[in-house]
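*Asks:* Quick one: structure below, then a few questions.
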Amino acid sequence: MNPAYARLVGPAGSHISKSITITREKAYPFRIVEAKARNGKDIAFALKELKATEGDGYLLTIENKKTAAGRYADTVILTTDSTIKPTISVPIYGQIKAAAPPAANPDPSKPQSSGS
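If you're matching positions, the sequence shown starts at 898 in the numbering used here and goes up one per residue.
Structural data, given as structure tokens:
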């Protein structure tokens, strides 16, 4: 699994996502039969099986859904058909920062100087 976890960091209101590649080893093939979030309140995710030309495995894409500033943690649990590793846990960490206020212009009739 690369990377080993998803860290979603950015300002509130922006699109924040992370993709994780889950690669199958030839000696230990498996299929993912179910994907679910432990909580799911602050994230959305999609799982796509990669074509042979893209590598043998899956692409897990996680998106932030939290609209207010703050932190959260969740886990995406992937259930496989493997007896060696029946579940794969993907930790998710979110840190949503307050959106920056627009720059103040005291006199809107005059353009702001760029300082040059």
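Just so you know, even glycine gets a beta-carbon here, dropped at the ideal spot from N, CA and C.
1. Taking the beta strand (DSSP E) that Phe-927 falls in, what are its first and last residues?
2. State yes or no: is the C-beta of Thr-958 nearer than 7 Å to some heavy atom of the ligand SAH?
3. Taking a contact to mean a Cβ-Cβ separation below 8 Å, would you say Thr-964 touches Ala-943 in this structure?
4. Would you identify the three-state DSSP class for Thr-980, choosing helix, strand or coil?
5. Does Ser-1013 come out as helix, strand or coil in the three-state DSSP assignment?
*Replies:* Taking the coordinates as given:
1. In the sequence shown, residue 927 corresponds to position 30, counting from 1. From DSSP, Phe-927 is part of no beta strand (DSSP E); its letter is neither H nor E.
2. Among the components modelled here there is no ligand, and therefore nothing to report on the ligand SAH.
3. Walking along the sequence shown from the start, residue 964 turns up at place 67. Walking along the sequence shown from the start, residue 943 turns up at place 46. Not a contact, by the Cβ cut-off of 8 Å.
4. Within the sequence shown, numbered from 1, the residue matching residue 980 stands at position 83. Taken through DSSP and simplified to helix, strand or coil, Thr-980 comes out as coil.
5. As a working mapping, residue 1013 is identified with position 116 in the sequence shown. Residue placement at Ser-1013 is poorly supported in this model, since its pLDDT is 48, which falls under 50; the coordinates still yield a value, given next. The DSSP-derived three-state label of Ser-1013 is coil.
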